[in-house]
Amino acid sequence: MSSIHWFKYSAPSTFYPLAGKLIPWFWALFAGFALAGLWLGLLVAPTDFQQGEGYRIIFVHVGASWMSMFIYLVMAFWAGLGLAFNTRLSGMMAQALAPTGALFAFISLWTGALWGKPMWGAWWVWDARLTSELILLFLYMGFIALTHAIDDTRRADKAGAILALVGVVNVPIIYFSVKWWNTLHQGASVSLTKAPAMASIMLWGMLLCALAMWMYSIAVALMRVRVIILERERHTDWVKELLSSR
Amino acid sequence: MYWNSFSDFIAMGGYGLYVWGSFGVTALVMILEPWIVARQRRTTEQRLARQLRAEAKMEQQP
Chain A
0 MSSIHWFKYS APSTFYPLAG KLIPWFWALF AGFALAGLWL GLLVAPTDFQ
50 QGEGYRIIFV HVGASWMSMF IYLVMAFWAG LGLAFNTRLS GMMAQALAPT
100 GALFAFISLW TGALWGKPMW GAWWVWDARL TSELILLFLY MGFIALTHAI
150 DDTRRADKAG AILALVGVVN VPIIYFSVKW WNTLHQGASV SLTKAPAMAS
200 IMLWGMLLCA LAMWMYSIAV ALMRVRVIIL ERERHTDWVK ELLSSR
Chain B
0 MYWNSFSDFI AMGGYGLYVW GSFGVTALVM ILEPWIVARQ RRTTEQRLAR
50 QLRAEAKMEQ QP
């Protein structure tokens, strides 16, 4: 392990080409997982005895909801790292993740509304799970708005990092909301402590779709961080060289 | 294969609007986002290259 110098890649100039090499691999993994997940979820999995075919929304809803929470944790991790060690790349990573996380929070709410209408009879209810997920979307939007409103990138990163870290408290609230409060939203179908409460074909379809979304998130965040690196490092020699060579 | 016909597949047992509304918007977002980022990359590269050329020109002038 010691032969790999991880810290080498914390420099934008070395991370930029590495990210460029990794992106096609994550797109390939995304395509593979997405095809397998959609095939299982839409073509193979049988109907649900309670919800009929309407349950198939689960194949996009759960993955998107997981990613919206997970990306927030990763974003807050990078933001915190940047705040503690003043590393340049950390702030850029947090910036690159926020829009993707916000989009997954939106997809989670959108598919949830389309699932809630036929099953509960309402597009939206002010339920603990739904409300805390909406707050997550607002936290992402607040992070993006705040960091874009400050011209000095160092200050923008710092302010954003504090917002991201304060907002972390919302993630366990979303996750445990179905346990802590009486909500309309069903409990977790999958957890680490007990056997999954669904048929294995459905479970595999759902996990493959979630993995596809994970690979997508990595690919698109790496694409975005490369744009941010170019923008912020435009005065460095390596970026000038890169630009003049094209 | 679970479905008997293509129209069964589209109808989704009466939940077609909800199921396809979910998958459709998800697909749309997951196509548009990388497309926008790729376009951002092209425009950023072009703009920075243009600035660089302009700066180089400024330095050449006495």
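Those protein sequences? They're chains A and B, same order as listed. For the first sequence, the positions run 0 to 245 when numbering that gives the first Met the number 0 is used. For the second sequence, the positions run 0 to 61 when numbering that gives the first Met the number 0 is used. We treat Cβ as the ideally placed atom computed from N, Cα and C, and that holds for glycine.
State the Cα-Cα distance for the pair residue i and residue j, rounded to the nearest angstrom.
i: A:Gly186; j: A:Val226; result: 40 Å
i: A:Glu52; j: A:Tyr139; result: 32 Å
i: A:Trp213; j: B:Gln59; result: 49 Å
i: A:Met201; j: A:Arg154; result: 46 Å
i: B:Val28; j: A:Ala35; result: 20 Å
i: A:Gly204; j: A:Ala104; result: 21 Å
i: A:Phe69; j: B:Ala10; result: 33 Å
i: A:Tyr174; j: A:Leu129; result: 11 Å
i: A:Lys239; j: A:Val43; result: 52 Å
i: B:Val18; j: A:Trp26; result: 25 Å
i: A:Phe32; j: B:Arg52; result: 44 Å
i: A:Met0; j: A:Phe14; result: Low local confidence applies: a pLDDT of 45 at A:Met0 is under 50, so the model's placement there is unreliable, with the coordinate-based value given in what follows. Going from the Cα of A:Met0 to the Cα of A:Phe14 covers about 19 Å.
i: A:Leu164; j: A:Val59; result: 28 Å
i: A:Val61; j: A:His147; result: 30 Å
i: A:Trp38; j: A:Ile56; result: 14 Å
i: A:Asp150; j: A:Ile217; result: 27 Å
i: A:Tyr54; j: B:Gly20; result: 13 Å
Which residues mark the beginning and the end of the alpha helix (DSSP H) in which residue i is found?
i: A:Leu42; result: Where A:Leu42 is concerned, there is no enclosing alpha helix (DSSP H), given that its DSSP letter is neither H nor E.
i: B:Gln45; result: 15-59
i: A:Gly166; result: 152-166
i: A:Trp179; result: 169-179
i: A:Ser243; result: 236-243
i: B:Ser6; result: 5-10
Near residue i, what residues of its chain come up, given a Cβ to Cβ distance below 8 Å and the 5 sequence neighbours on each side ignored?
i: A:Leu72; result: Val167, Val170
i: B:Phe8; result: Trp2
i: A:Trp123; result: Ala112, Gly115, Leu129
Checking 9 Å against the spacing of the C-beta atoms, do residue i and residue j come in under that value?
i: A:Ile172; j: A:Ala211; result: no
i: A:Gly100; j: A:Ser67; result: yes
i: B:Thr43; j: A:Leu229; result: yes
i: A:Met92; j: A:Met118; result: no
i: A:Phe142; j: A:Leu162; result: yes
i: B:Ala37; j: A:Leu242; result: no
i: A:Arg223; j: A:Pro45; result: no
Looking only at its own chain, which residues have a Cβ that is under 6 Å from the Cβ of residue i, when we skip the five neighbours before and after it?
i: A:Leu28; result: Met214
i: A:Ile106; result: Ala63
i: A:Val219; result: Thr99
To which residues of the same chain is residue i closer than 7 Å at the C-beta, ignoring the five residues directly before and after it?
i: A:Trp180; result: Ala127
i: A:Leu108; result: Glu132, Leu133, Leu136
Output, in chain order, the set of chain E residues within a Cβ distance shorter than 8 Å of residue i.
i: B:Met57; result: In the structure shown, chain E does not exist; the protein chains are A and B.
Could you give the uninterrupted runs of the alpha helix (DSSP H) lying entirely in the segment 187-233 of chain A, keeping only those of 4 residues or more? 199-231
Report the start-end ranges of each alpha helix (DSSP H) in the segment 64-147 of chain A that is 4 residues or longer and not cut off at the edges. 87-119
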